[in-house]
Amino acid sequence: MQLTRGIRVAASATAWCRLKVFSRIVVCLFSAIASACSKSEKSAASGTPTTSAAQILRISQRNEPSDLDPATATLPDEFFILRALSEGLLIPDPAGGAPLPAAAANYDVSADGLIYTFHLRPEATWSDGSRVTAADFLSTYRRILAPGTAAPKAHLFDAVKNARAFLTGVVTDFSTVGFAAPTPLTFVVTLAQPSPRFPYYVASGPWLPVNSRAVAQHGRTWTQPGHFVGNGPFTLIEWRQQQRIVVKKNPRYRATATVQLDEIQFIRLDSGDTEERAFRAGQVDVTMSVPFTKIEPYQRDRPAEIHRAPLAETRYLSFNTQRPPLNDARVRHALALAIDRQKIVERITRGGQTPAKNFCPVTIDTPLLLEPSIWAPRLDPPLAVRFLAEAGFPGGKNFPRCELTAWSPSQVPVLEALQAMWREHLGIAVTIAIREAKIHLSALAAGTYDIAFVTTLVDVADATAVFSEFTTGAPGNYPHWSDADYDARLARLTATRDPGARATLQAQADDHLLREAVVAPLYLNTRTWLMSPRVHGWSEDAFWSRHYYGIRMDAK
297 MQLTRGIRVA ASATAWCRLK VFSRIVVCLF SAIASACSKS EKSAASGTPT TSAAQILRIS
357 QRNEPSDLDP ATATLPDEFF ILRALSEGLL IPDPAGGAPL PAAAANYDVS ADGLIYTFHL
417 RPEATWSDGS RVTAADFLST YRRILAPGTA APKAHLFDAV KNARAFLTGV VTDFSTVGFA
477 APTPLTFVVT LAQPSPRFPY YVASGPWLPV NSRAVAQHGR TWTQPGHFVG NGPFTLIEWR
537 QQQRIVVKKN PRYRATATVQ LDEIQFIRLD SGDTEERAFR AGQVDVTMSV PFTKIEPYQR
597 DRPAEIHRAP LAETRYLSFN TQRPPLNDAR VRHALALAID RQKIVERITR GGQTPAKNFC
657 PVTIDTPLLL EPSIWAPRLD PPLAVRFLAE AGFPGGKNFP RCELTAWSPS QVPVLEALQA
717 MWREHLGIAV TIAIREAKIH LSALAAGTYD IAFVTTLVDV ADATAVFSEF TTGAPGNYPH
777 WSDADYDARL ARLTATRDPG ARATLQAQAD DHLLREAVVA PLYLNTRTWL MSPRVHGWSE
837 DAFWSRHYYG IRMDAK
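Each residue of the sequence shown is one higher than the one before, counting from 297 in our numbering.
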């Protein structure tokens with residue numbers, strides 16, 4: 297097989313920071329027990345004391361994981377923990393560049409761009425001491441593509457030859473799918489057609505490996521402490537439902553010298569206000585977010601503790617196009633045109649967000665060249681009123697009461713602003729409901745909602761993946777919308793390698809979503825969080841992928 301050596305990716309010492317391993321000295325003399333306990337600190341959830349000498353990082357966790365199975369995980373909160381426990385062939389580059397080597401030391405790509413050959417590290421082992429082999433990745437991907445698994449993110453394997461056909465039952469022989477393990481340390485992937493951004497998919501969360509022997513031995517409980525076998529830098533030692541999840545440094549990890557933390561505690565806190573109070577009390581070191589009302593005080597009084605970074609994420613409204621009156625595009629346009637996005641980001645979120653001018657974040661895939669569209673999100677109350685009247689609801693008369701839903705109490709101020717804008721400009725009333733994240737996502741998938749506050753939750757740096765979610769029957773098609781022209785355009789986009797042609801098709805796909813008003817983009821999001829000055833080396837990219845290798849804690 298002819299290989300394009302110019303695109304061989306190899307691990308090097310400079311790919312990872314050379315980190316010193318801190319020696320841990322624990323003095324357990326009878327005369328010092330009382331002193332050690334006096335310096336201990338109790339976690340927010342369990343009250344377990346931790347000594348100042350230990351490298352223990354406490355992170356606020358907003359949503360309780362449904363499971364810790366890469367095949368069924370959907371929320372960033374779940375992948376935060378999974379990336380501590382497991383390591384894929386490649387991992388995202390925290391700096392935003394091409395994916396970095398991980399379980400695979402390097403890979404080759406054939407001249408025609410169809411065959412990727414990954415060379416696994418011989419020193420890599422599972423946390424039970426067994427060797428990580430190509431067969432492990434083969435069994436992992438067979439499992440995630442099995443129709444019975446019902447993996448919500450199986451579409452991230454669509455580039456692989458026959459993966460979609462196997463998933464849908466068109467093909468039943470897995471040997472025809474483009475995965476092969478010719479040797480214990482060689483894993484080969486054959487694509488259906490060239491995909492320039494395929495490595496970004498390989499680095500995504502659903503491609504994390506699963507130990508098939510642990511699954512076979514423990515069945516549905518394989519993800520529990522004592523049963524979970526991973527190949528990542530940490531091992532799972534505790535899971536107290538709705539309280540905390542604890543992972544401890546894995547001494548068998550292939551690059552254990554790069555891991556400076558002894559332990560990470562993911563502490564369940566149900567709101568931004570609760571975690572902010574826990575942070576001030578010294579009970580957590582890193583929060584998920586900052587309440588809108590606390591951003592300015594922290595910037596003014598405690599600037600060393602507040603941090604901000606851009607996200608490849610659009611916050612938007614999804615309209616259930618199968619429910620009257622939202623099945624009428626004129627109603628959807630009316631609702632979208634009655635939203636003052638500038639007011640939302642300036643007066644409510646106040647975290648550096650910017651009003652959306654299109655649907656797909658332009659930072660997600662280069663190039664994505666969007667020209668101004670007549671359907672671009674904007675505030676236009678007169679046109680909104682006209683659309684609503686044309687749909688049969690002049691002045692909002694006889695408009696049925698709809699429900700606006702979201703998944704976090706911290707989003708209520710944004711929802712209340714939308715509620716007030718629609719009442720003011722359209723004369724209609726909506727109710728607000730907050731559901732647990734898992735329930736919210738289930739309602740979106742089932743179509744049991746009216747209008748939902750949603751985020752793009754992008755898994756890979758590829759705009760095609762964002763737009764593909766709105767094709768007929770796609771798992772992320774929350775509007776439950778179907779358009780043959782849109783589907784055909786996405787098929788052409790998927791098959792196109794030319795950057796200019798891809799940019800044009802992406803722009804057309806974005807404009808199509810806005811023209812049909814199946815979604816109403818609100819703002820491009822940022823992440824604002826609190827972090828103790830004791831934490832160094834924190835690493836998280838625009839896709840919510842975290843890296844725990846180089847993090848260290850100052851002694852108290």
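Even for Gly, the Cβ is constructed at its ideal location relative to N, Cα and C.
Considering only the alpha carbon of each residue, which of the options lies closest to residue i?
i       : options                               : result
Pro-620 : Gly-392, Thr-421, Phe-695 and Ala-407 : Phe-695
Tyr-496 : Trp-518, Ala-577, Ile-387 and Ile-644 : Ile-387
Asn-623 : Asp-597, Asp-676, Ala-687 and Ser-835 : Ala-687
Ile-730 : Thr-701, Ala-748 and Glu-720          : Thr-701
Val-814 : Val-754, Ile-747 and Arg-682          : Ile-747
Ala-739 : Gly-772, Ala-761, Val-756 and Asn-527 : Gly-772
Thr-824 : Ala-577, Ala-551, Arg-439 and Gly-647 : Gly-647
Arg-509 : Ser-500, Val-582 and Trp-422          : Trp-422
Arg-438 : Ala-553, Val-710, Ala-461 and Ala-420 : Ala-461
Arg-358 : Ala-797, Lys-590 and Asp-569          : Asp-569
Asp-850 : Gly-723, Asp-597, Pro-505 and Met-827 : Met-827
Trp-535 : Ala-685, Asp-363, Asp-454 and Leu-371 : Asp-363
Ala-672 : Phe-375, His-629 and Gly-691          : His-629
Glu-642 : Val-710, Arg-598, Ser-356 and His-603 : Val-710
Thr-464 : Asp-597, Ala-770 and Ala-407          : Ala-770
Could you name the residues that DSSP lists as bridge partners for residue i?
i       : result
Trp-825 : His-603
Glu-836 : Arg-842
Gln-357 : Arg-564
Leu-753 : DSSP output for Leu-753 lists no bridge partner at all.
Leu-532 : Val-543
Glu-559 : Ile-352 and Lys-544
Leu-820 : Thr-610 and Thr-650
Thr-570 : DSSP lists no partner for Thr-570.
Val-456 : Leu-487
Ile-387 : Leu-396
Val-815 : Ser-614
Val-831 : Met-849
Ala-476 : Val-484
Thr-421 : Arg-427
Please classify residue i: is it buried, with 16 or more other beta-carbons within 10 angstroms of its beta-carbon, or exposed?
i       : result
Val-750 : buried
Gln-513 : exposed
Gly-511 : In the sequence under discussion, the amino acid at residue 511 is Val, which differs from the Gly named in the question. Val-511 is buried by the Cβ-count criterion.
Asp-547 : It is Pro, not Asp, that sits at residue 547 in the sequence shown. Exposed: under 16 other Cβ atoms inside 10 Å.
Val-456 : buried
Ser-471 : exposed
Glu-732 : exposed
Lys-852 : exposed
His-291 : Since the displayed the chain opens at 297 and closes at 852, residue 291 lies outside it and no answer follows.
Pro-651 : buried
Ile-411 : buried
Pro-502 : buried
Gly-384 : buried
Pro-260 : Residue 260 is absent from the structure shown; the chain starts at 297 and stops at 852.
Lys-449 : buried
Thr-790 : buried
Phe-839 : buried
Ala-605 : exposed
With a Cβ-Cβ cutoff of 9 Å, do residue i and residue j count as a contact?
i       : j       : result
Thr-645 : Thr-752 : no
His-776 : Asn-654 : no
Ile-533 : Val-525 : no
Tyr-612 : Glu-601 : no
Gln-579 : Gly-743 : no
Leu-441 : Thr-429 : no
Phe-588 : Ser-706 : yes
Leu-809 : Tyr-782 : yes
Lys-451 : Ser-841 : As written in the sequence, residue 451 is His, which differs from the Lys given in the question. Cβ atoms of His-451 and Ser-841: not closer than 9 Å.
Val-467 : Ala-477 : no
Phe-562 : Tyr-549 : no
Ile-541 : Pro-361 : yes
Ala-805 : Arg-830 : no
Arg-493 : Thr-800 : no
Arg-354 : Tyr-844 : no
Pro-443 : Arg-793 : no
Leu-607 : Phe-683 : no
Gly-692 : Ile-728 : no
Just to confirm, does residue i get its C-beta within under 8 Å of one of the non-hydrogen atoms of the ligand GTP?
i       : result
Leu-378 : As presented, the structure is devoid of all ligands, the ligand GTP included, so that no description of it is given.
Less than 9 Å between CB atoms is the rule here; does residue i satisfy it with respect to chain B?
i       : result
Ile-847 : The chain labelled as chain B is not found in the depicted structure, where only one protein chain is given.
Could you tell me which uninterrupted beta strand (DSSP E) segments, each at least 3 residues in length, are contained entirely in the segment 580-648, listed from first to last along the chain?
You should have 602-615.
Segments assigned beta strand (DSSP E), at least 3 residues, entirely inside the segment 687-714
Runs of the beta strand (DSSP E) inside the segment 687-714: 698-702.
Secondary structure, alpha helix (DSSP H): runs of 4+ residues fully inside the segment 721-783
List check, alpha helix (DSSP H) in window: 733-742 and 759-764.
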